[in-house]
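Protein sequence lines, in the order shown, are assigned to chains A and B.
Residue numbers for the first sequence follow this note's numbering, beginning at 10 and rising by one.
Residue numbers for the second sequence follow this note's numbering, beginning at 1089 and rising by one.
See below for the structure under consideration.
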Amino acid sequence: MAERDLDQALQRMGGARMSRRGFLYLAGLSSAAAALAACAGSSASPSTAASVAPSAAAPSVGGGASVAPSLSAAPTAAPSYEIEKQLYMYNWAEYISPKNIDEFKKRYGVTKFQYDVYDNNDALLAKLQAGGGGYDIASPTAEYVPGMVEQGFVQKLDKSRIPTLANIDPTFQKQWWDPNDEYLIPKDYGTTGILYRSTLLPSIPASWKDFYDLVKGPASGKTVFVDSMGDVFVFPLKMLGFSANSVDKGELDQARTILLEIAPHLLALDSNTYGTKMAKGEASLSLGWTGVLEQQMSKVADKGYVVPSDGTIYWLDTWVLLKDAPNPNAAYAWLNFIQEPAIQAEESDYNLYATPNAKARPLVDAKILNNQAIFPTEAELKNLEGSKDTSGNSQRTDIYEEFKQNIGKG
Amino acid sequence: MSTIRRARPAARRSSVRGRLLTTVLVLPAAAWYAILLISPLVIVTIFSFGVRAKNGGYAPAFVFDNYARAIQKSEPFVLSLEMAVAGTIGCLLVALPLAYFIATRVRRRKGLLVLLLVIPFWTSFLIRTYAWLLILGPDLGLAGRLQALTGADKVQILGTPIAVMIGLIYGYLPLMIFPLYVTLERMDRTLIEASKDLGAGRWATFRQITLPVALPGFVTGSILVFIPMMGEYVIPQILGYGRTYLMGNALVTDFLEARNWPQGSARAVFLIIVMIVTIAGYVWFVNRGRSTRDVSVL
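Okay, here's the thing in structure tokens:
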């Protein structure tokens, strides 16, 4: 577990945003947490039970429509629900714009906006398994949501109360984690791609095919892959034109050939300090995530990031409404509010993550929108595929292990 | 008579009290072992016969497939064994002269030297391992210096098994020095004088007196060093750039990437069994013909 501690230590050093992606592959630990929670019993009773007693009507804020400045192109709902005076949110650190929180409080008469943070999905899961802690809303990564639905931690959404859902880009809808878009709302996303140092390479890669040629040629011995099975498989499978989540035997055999061919050319398999290796010039090319660009590589002038044109995977953080949410009406008001284009654009401006909200996209600060490491272009967006949990496929594990044993050997 | 009669209940009382006290004093340690050593072992053993749950983790079953695969995929194990044996020998080669020097040649400031050996433990193992990235690295480190000295195109130390070996020896060296130091420190110096008086040369004295005296320390040290080396993960990951795929790395793949806890558990149990057998055999081998002398294991 040392690596995990290290991950977290590095994250603390580099800010919470550095390797959000790194947490995803811990998804499997959930079953242990479940077992532990079962042992612990439901000791944690919703801490806010007392404060949830039906409050007196919030002063004249029956609906957002009457008060809200019309920021939204989408029809704003005029629900006749009485909005509670408080909202309890459990979320990642520094993931919501304080400006938006203030705006929400003002507009809906919410006086108490509780924003508590967790630093990985398992912490959220453990909280839910221990009774939920009385929260209304949380932001799990999409892969975690099916398990949460299965265990009954998440409510089915009443979509009629969230008209701004129409703003969400269809790329992020009807994915395997929520085939009918019943439980989650896309919040932020990021990609797996190619990091490079342009001055150390003869050409800049645009696709996995280019990447392959570079690794076998000029970047041989100077390429790092992140040590994450799901992400490593994206490269050979997408290069061959298959789904990144493929579990087809023949397709995986072909991927194996490429991985074993590439393995001797790699400098390292390293999820923690590949940015440092790039920054020092020890490596010129990486398969990885965008976080290190602004962290370990912040002082590198010739750095670049490419979403490969032959496609890649993305991770997605989501909004869910928790079971027994003490303030459901305030929660619905928030879920609708946050997808208003101007509000959502402010989110990206603040947290530097791409928004899946298509209407918000053009309103995002141009500097951020044009930063390839944050926002894929519209064209690249079409080649994105939601990352699926394929870790149960033993052929993948076998190939990955064989690949690891051959790194640098040759 | 009366004195005896009176004495007996008193003795019984005190022995009851003594036993009670013993129980109370032993209980924390026993509970510690039961909760933190025995029960995890039992859990890992149970897991090792299970199957992977649909979403990863463990689901109850009784199958032997995990062991079949653990044995079939034994390359990381064999590599770990090679590295751990070489690392143990390396530790001995470095530790023996040093321990001998501190134990027998230093008069004053002995305590200071021993303290210097302990000081690295005040810093996190992880941070010390990261420091080796700089020491061995291409910029100001050893690789860079060698490159400048030899004029070679590229000297690569990090990411090679050599870097892993340096890390292993560095990391576990104190665990070898201390037992050696303790045994050598207690050595009866008159034995050496007697040996010399009887005409033995330096080498003969070393071989026939010092080495046998140091042996228990070496056995203890090598076990303390060998066992953690077999499961080492951080060093091959950081200094080896993930290119030296040892048992610890394989376990991480099983548990965190494949999320196949039964598979990882089977590998872990397999490792534990082989280690127990190896070390039992080793201790037996060292002890044979030395039944009168104690070989301390700790």
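The C-beta atom is built at its ideal place from N, Cα and C for all residues, glycine as well.
Note that this is a predicted model, so its numbers are computed, not measured.
Q: With a threshold of 16 other CB atoms inside 10 Å of the CB of D1276(B), please say whether the residue is buried or exposed.
A: Against the second sequence, residue 1276(B) aligns to sequence position 188. By the 10 Å Cβ count, D1276(B) comes out exposed.
Q. Quick one: what's got a C-beta closer than 7 Å to L372(A)'s C-beta in the same chain, skipping five residues either side?
A. On the first sequence, residue 372(A) is found 363 positions in, with the first residue counted as 1. Answer for L372(A): P350, A351 and A354, listed in chain order.
Q: Could you give the DSSP three-state label for D197(A): helix, strand or coil?
A: By one-based count along the first sequence, residue 197(A) stands at place 188. D197(A) falls in the strand class under three-state DSSP.
Q | Among L223(A), A272(A), S229(A) and G226(A), nearest to F242(A) - alpha-carbon criterion | A | Locating residue 242(A) in the first sequence gives position 233, counting from the first residue. Here the closest residue by C-alpha is A272(A).
Q: Using a Cβ cut-off of 7 Å (strictly closer), state whether S400(A) contacts chain B.
A: Against the first sequence, residue 400(A) aligns to sequence position 391. It does: the Cβ of S400(A) has a partner Cβ on chain B nearer than 7 Å.
Q) Going along the chain, which unbroken runs of the alpha helix (DSSP H) with 4 or more residues stay wholly within the stretch 386-419 of chain A? A) 387-391 and 403-414
Q. How should P337(A) be labelled, buried or exposed, when 16 other C-beta atoms within 10 angstroms of its C-beta is the threshold for buried?
A. Counting from one through the first sequence, the residue named residue 337(A) turns up at place 328. By the neighbour-count rule (16 or more Cβ atoms within 10 Å), P337(A) is buried.
**Q.** Close beta carbons around G230(A), own chain, < 7 Å, minus the five adjacent residues each side
**A.** One-based indexing of the first sequence puts residue 230(A) at position 221. If we look at G230(A) and ignore the five residues flanking it on each side, its Cβ neighbours are H274 and L276.
Q: Determine contact between the stretch 361-372 of chain A and the stretch 109-129 of chain A, defined as no fewer than three beta-carbon pairs at a distance below 8 Å.
A: no
Q: Using a cut-off of 7 Å between C-beta atoms, extract the partners of E1163(B) located in chain A.
A: The residue given as residue 1163(B) occupies position 75 in the second sequence. Per Cβ cutoff of 7 Å: Q414.
**Q.** chain A residues whose Cβ lies nearer than 7 Å to that of E1170(B)
**A.** Position 82 of the second sequence, counting from 1, holds the residue named residue 1170(B). Neighbours of E1170(B) on chain A: none; closest Cβ ~14 Å, over 7 Å.
Q. For the stretch 140-171 of chain A, which residues have a CB atom closer than 7 Å to at least one CB atom of chain B, in sequence order?
A. G156
Q. Going by Cα to Cα distance, which pick from G226(A), V233(A), T201(A) and D236(A) is closest to L393(A)?
A. To locate residue 393(A), count along the first sequence from 1; it is residue 384. Checking every option, the nearest Cα to that of L393(A) belongs to T201(A).
Q) In chain B, which residues lie with their C-beta within 7 Å of the C-beta of K225(A)? A) Here the question's residue 225(A) lines up with position 216 in the first sequence. In chain order: nothing, as chain B lies at least about 18 Å away.
Q. Beta carbon of V233(A), beta carbon of K286(A): below 7 Å?
A. The residue you call residue 233(A) lines up with position 224 of the first sequence. The residue you call residue 286(A) lines up with position 277 of the first sequence. Yes, Cβ-Cβ distance for V233(A) and K286(A) is below 7 Å.
Q | E1387(B) at chain A interface by Cβ criterion, 7 Å | A | Given a span of 1089 to 1386 for chain B in the structure shown, any question on residue 1387(B) remains unanswerable.
Q: State the Cα-Cα distance for the pair Y1155(B) and G156(A), rounded to the nearest angstrom.
A: As a first step, residue 1155(B) is located in the second sequence; it is residue number 67 there, counting from the start. As a first step, residue 156(A) is located in the first sequence; it is residue number 147 there, counting from the start. Rounded to whole angstroms, Y1155(B) to G156(A) spans 29 Å at the Cα level.
Q) On the premise that L204(A) lies in contact with K312(A), defined as a C-beta separation below 8 Å, what is that separation, rounded to the nearest angstrom? A) Along the first sequence, one-based indexing puts residue 312(A) at 303. Along the first sequence, one-based indexing puts residue 204(A) at 195. Between L204(A) and K312(A) the Cβ distance is about 7 Å, and since that is below 8 Å, they are a contact.
(Q) Just checking: is the beta-carbon of Y1260(B) within a distance shorter than 7 Å of some beta-carbon in chain A? (A) Walking along the second sequence from the start, residue 1260(B) turns up at place 172. Judged by the 7 Å Cβ criterion, Y1260(B) is not in contact with chain A.
**Q.** R1107(B) to I1126(B) span [Cα, whole Å]
**A.** Locating residue 1107(B) in the second sequence gives position 19, counting from the first residue. Locating residue 1126(B) in the second sequence gives position 38, counting from the first residue. So the alpha carbons of these two residues sit roughly 24 Å apart.
(Q) Under 7 Å, Cβ to Cβ, is there at least one residue of chain B near T208(A)? (A) One-based indexing of the first sequence puts residue 208(A) at position 199. No, no contact with chain B.
Q.
Here's the rule I'm using: 16 or more other beta-carbon atoms within 10 Å means buried, otherwise exposed. How should E152(A) be labelled?
A. Indexing the first sequence from 1 puts residue 152(A) at position 143. Label assigned to E152(A): buried.
Q.
W324(A) and G199(A) - do their beta-carbons sit closer together than 7 Å?
A. Along the first sequence, one-based indexing puts residue 199(A) at 190. Along the first sequence, one-based indexing puts residue 324(A) at 315. Yes. Within cutoff.
Q.
Using a Cβ-Cβ cutoff of less than 6 Å, which residues in the same chain neighbour L278(A) once the five nearest sequence positions on both sides are dropped?
A. The sequence position of residue 278(A) within the first sequence is 269, counting from 1. Taken in chain order, the residues that qualify are F234, D236 and I416.
**Q.** Minimum Cβ-Cβ distance from M238(A) to chain B less than 7 Å
**A.** The residue labelled residue 238(A) in the question sits at position 229 within the first sequence. It does; some Cβ of chain B falls within 7 Å.
Q.
Judging by CA-CA distance, which residue of Y144(A), E91(A) and D125(A) is the nearest neighbour of V329(A)?
A. As a working mapping, residue 329(A) is identified with position 320 in the first sequence. V329(A) has its Cα closest to that of Y144(A), out of Y144(A), E91(A) and D125(A).
**Q.** Residue environment, W298(A), which counts as buried when at least 16 other CB atoms sit within 10 Å
**A.** The residue you call residue 298(A) lines up with position 289 of the first sequence. Counting Cβ neighbours within 10 Å, W298(A) comes out buried, since at least 16 surround it.
Q | Where the alpha helix (DSSP H) through A277(A) begins and ends | A | Taking the first residue of the first sequence as 1, we reach residue 277(A) at position 268. Note, A277(A): premise wrong, no alpha helix (DSSP H); beta strand (DSSP E) at L275 to L278.
Q | Where the alpha helix (DSSP H) through W1349(B) begins and ends | A | Numbered from its first residue, the second sequence carries residue 1349(B) at position 261. W1349(B) -> alpha helix (DSSP H) spans W1349 to N1375.
**Q.** Three-way DSSP call (helix, strand, coil) for W185(A) in this model
**A.** The residue labelled residue 185(A) in the question sits at position 176 within the first sequence. Coil at W185(A), not helix or strand.
Q: May I have the straight-line CA-CA distance separating R1274(B) from L296(A), to the nearest angstrom?
A: Position 186 of the second sequence, counted from the start, is the residue given in the question as residue 1274(B). Position 287 of the first sequence, counted from the start, is the residue given in the question as residue 296(A). Approximately 56 Å between the Cα atoms of the pair.
Q: With DSSP as the reference, label S39(A) as helix, strand or coil.
A: Mapped onto the first sequence, residue 39(A) falls at position 30. Residue confidence for S39(A) is low, a pLDDT of 38 falling below 50, so the modelled location carries little weight; the figure read from the coordinates is stated next. In the structure shown, S39(A) sits in a helix (DSSP, three-state: H, G or I).
Q: Whole angstroms is fine: what's the gap from Y1260(B)'s alpha carbon to P1164(B)'s?
A: Walking along the second sequence from the start, residue 1260(B) turns up at place 172. Walking along the second sequence from the start, residue 1164(B) turns up at place 76. Taking the straight line joining both Cα atoms gives about 20 Å.
Q: Determine, using beta carbons only, whether P1262(B) and L1205(B) come nearer to each other than 7 Å.
A: Locating residue 1262(B) in the second sequence gives position 174, where the first residue counts as 1. Locating residue 1205(B) in the second sequence gives position 117, where the first residue counts as 1. Yes, the Cβ-Cβ distance between P1262(B) and L1205(B) is below 7 Å.
Q.
What does the Cβ neighbour count give for P78(A), buried or exposed, with the cut at 16 atoms within 10 Å?
A. Your numbering for residue 78(A) matches position 69 in the first sequence. Confidence at P78(A) is low in this model, with a pLDDT of 43, below 50, so its placement is unreliable and the value that follows should be read with caution. P78(A) comes out exposed.
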